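Numbering (UniProt numbering), first residue to last: 1 to 97.
Note that CB positions come from ideal geometry on N, CA and C, so glycine has one too.
Computed from a predicted model, the values in this text were never measured in an experiment.
Okay, so here's the structure we're looking at.
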């Protein structure tokens, strides 16, 4: 009762429950299991969403964000090395001779 709780509050030694360790392990295991189930549920939901997103992409001819970024990066790398200006034209005949 209350006297035991008061003893704990005052810094007294609490009585050891012989099954406390076992109960704590079971509680931790239950928490782990719940966390795994939650993660699995979220993974399933995300997979379902991704399937719907893919159907929309297929329907409207869209590309994934990662694919789009990869293409843009490749397009940026193709022009000459880091030049911000357009390529120079050949010097017309008669100029600077």
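Under the DSSP assignment, residue 20 falls in the alpha helix (DSSP H) whose first and last residues are 20-60.
Each residue's CA atom was taken as its position, placing residue 20 and residue 41 some 31 Å apart.
Here residue 64 carries a coil assignment [DSSP, helix/strand/coil].
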